[in-house]
Amino acid sequence: MLSRVKGLWYTLTALTLGLAFLYLWFTIFPGAAAPEAWQHFSAEQVEGARAYSQGLRLSFIGSYLTQLCFLLWLVFSGRSLALSGWTCKLARASYWINLLLFFLLLWLILRLLHLPFTLFSSYYWQHHWGFATQTLGAWWLDYSKTAALDLVLSAGGILLLFWIIKRFPLRWWIYSAACLSILLAIQIFLSPLLITPLFNRFTPVQDQKVIKMVEEISDKAGIPVDQILLMDASRRTTKSNAYFAGLGRTKQIVLYDTLLYHHPQDEVKAVIAHEIAHWRQGHILQGLALYSIGIFLFCQVLFFVLKDMFPILTENPYPVHAWAIILLFFSLVAFISSPLQGYISQSMEKEADQVAVMLTNDRPAAVRLQINIAAKNASDVSPPPVIQWFSSHPSPLTRIELLQ
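Residue numbers for the sequence shown, in this note's numbering: 660 to 1063.
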């Protein structure tokens, strides 16, 4: 690699490994929970949630570091070039077939490296703590669907990226970033129609009390809510949750059936208000805009990195093994930027909490909701700050304190 980019690689790698070390350290040694936690939760709840969360965090950081170390070895040892030479022989010198074969082999290796960790965290650990309700066969079916979707979308993405690089060798980063932003918007729009129905059954909420709640809150917020759906989450988990999804005509609020089964009406109302608050504040569009800015910056820096490493373009785009370099660069940048992403997401969640209270005028119900969901889902109520940097939501204790 050329000296001009070596410094950047060393810096990114050092920052990533340093941040990963901090994450691992505070996962193993989280310290004592904040004293305020004992006002709302029992010692058994706090300690149990810590133990449950510790297993998930070890799985997350273990998976990330395993894949990262493989990519670092592959790129910096020169093995990626050798691997692309082997796939080139299989492709009989066809650039695009070689690219697909190299992508497929790398995708398969990374999937296999990740598999033990995801099997542990999403199946074994969930059963160990009594959250999972699905069989191992059902888990494998879900995993296969997810892997197939990832394979198809990723293969299409890499072909599009390298075609853009070939078509616009000096401005590819602009067009690539624009395409990624557009594709994300399309994914958000189509996901409720094409993707999530592959994994769950969604039915319109029939409970008239819930329907009336939605009408009251949406009228007060000035946001029409056409769809509020019930998801059959109970066939996989005992946890309660809700989320909002879609864009334009596909916008919808989705409630876990476990939420309606195990929470009183005022807490369900608080959840609905929180999701409507996200709509009212335009958080999906804000997130899409921020993502677009981030991807433009990422693609621009990546352009200069690859330009330094491969200064002369032939009739083909960058060599096939550049894909391994792109993956490594993305892996480093994504991990380092996680605290910033977490800060933005948590800010939106805090704002939605406050707007929801304004819509329901029921602060006690919002507080009880946070307490009960945290207890039911075994959420770490007071994680160490470093761990909290990587979370998309504020800690339960933070949300409770802000609501009070």
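Think of the CB as a built atom: it goes at the ideal place given N, C-alpha and C, for glycine as much as any other residue.
Alpha carbon of residue i to alpha carbon of residue j, nearest angstrom
{"i": "Gly1001", "j": "Leu763", "result": "31 angstroms"}
{"i": "Gln713", "j": "Thr686", "result": "6 angstroms"}
{"i": "Arg751", "j": "Gly744", "result": "10 angstroms"}
{"i": "His933", "j": "Phe1049", "result": "22 angstroms"}
{"i": "Arg709", "j": "Leu678", "result": "21 angstroms"}
{"i": "Ala1037", "j": "Leu906", "result": "31 angstroms"}
{"i": "Leu820", "j": "Leu808", "result": "18 angstroms"}
{"i": "Leu683", "j": "Leu724", "result": "10 angstroms"}
{"i": "Tyr754", "j": "Ser803", "result": "29 angstroms"}
{"i": "Pro851", "j": "Tyr902", "result": "12 angstroms"}
{"i": "Ser996", "j": "Lys1035", "result": "31 angstroms"}
{"i": "Tyr950", "j": "Val913", "result": "23 angstroms"}
{"i": "Arg895", "j": "Leu857", "result": "14 angstroms"}
{"i": "Arg663", "j": "Asp967", "result": "7 angstroms"}
{"i": "Val992", "j": "Phe962", "result": "14 angstroms"}
Buried or exposed by the 16-neighbour rule on C-beta atoms within 10 Å, applied to residue i
{"i": "Cys728", "result": "exposed"}
{"i": "Phe680", "result": "exposed"}
{"i": "Tyr920", "result": "exposed"}
{"i": "Arg716", "result": "buried"}
{"i": "Arg908", "result": "exposed"}
{"i": "Ile984", "result": "buried"}
{"i": "Lys665", "result": "exposed"}
{"i": "Ala691", "result": "exposed"}
{"i": "Ser736", "result": "exposed"}
{"i": "Thr670", "result": "exposed"}
Sequence-distant residues of its chain with Cβ nearer than 8 angstroms to residue i (five each side left out)
{"i": "Val928", "result": "Residue 928 is actually Lys in this sequence, not Val. Cβ neighbours of Lys928 beyond the five flanking positions: Met872, Ile876, Thr1019, Asp1021, Ala1024."}
{"i": "Gly789", "result": "Thr897"}
{"i": "Pro863", "result": "Gln886, Ile887, Leu888, Leu889"}
{"i": "Cys747", "result": "Asn757, Val979"}
Own chain, CB closer than 7 angstroms to residue i, minus 5 neighbours either side, in chain order
{"i": "Ile824", "result": "Trp831, Pro976, Tyr977"}
{"i": "Leu730", "result": "Ala983, Leu986, Leu987, Ser990"}
{"i": "Val1064", "result": "Limits of the chain in this structure are 660 at one end and 1063 at the other, which puts residue 1064 out of reach."}
{"i": "Ile1059", "result": "His699, Val1026, Gln1029, Ile1030"}
Distance CB(residue i)-CB(residue j) smaller than 8 angstroms
{"i": "Lys868", "j": "Gln924", "result": "yes"}
{"i": "Ser813", "j": "Cys958", "result": "no"}
{"i": "Pro1055", "j": "Ala1033", "result": "yes"}
{"i": "Ile756", "j": "Ser840", "result": "no"}
{"i": "Val1040", "j": "Phe700", "result": "yes"}
{"i": "Leu795", "j": "Trp766", "result": "no"}
{"i": "Ile847", "j": "Ile1003", "result": "no"}
{"i": "Leu842", "j": "Leu947", "result": "no"}
Of the listed residues the options, nearest to residue i (C-alpha basis)
{"i": "Phe989", "options": "Val960, Ser1006, Met1017", "result": "Val960"}
{"i": "Leu733", "options": "Arg895, Leu769, Lys665", "result": "Leu769"}
{"i": "Gly721", "options": "Leu778, Leu671, Ile931, Asp878", "result": "Leu778"}
{"i": "Gln740", "options": "Ser1006, Phe969, Ala673", "result": "The sequence given here places Leu at residue 740; Gln does not occur at that position. Ranking Ser1006, Phe969, Ala673 by Cα distance to Leu740 puts Phe969 first."}
{"i": "Leu667", "options": "Val964, Pro998, Asn1031", "result": "Val964"}
{"i": "Val1045", "options": "Phe688, Tyr669, Phe858, Leu956", "result": "Phe688"}
{"i": "Leu774", "options": "Phe719, Gln698, Tyr711", "result": "Phe719"}
{"i": "Pro694", "options": "Gln1047, Ser1051, Leu1062, Pro1042", "result": "Pro1042"}
{"i": "Ile882", "options": "Ile931, Tyr782, Phe776, Leu772", "result": "Ile931"}
Residues near residue i by beta carbon distance below 6 angstroms, same chain, minus five either side
{"i": "Ser893", "result": "Asp916, Thr917"}
{"i": "Phe994", "result": "Thr675"}
{"i": "Phe827", "result": "Tyr834"}
Interface flag, residue i vs chain C, CB-CB below 8 angstroms
{"i": "Leu674", "result": "Absent from the structure is chain C; it holds one protein chain and no more."}
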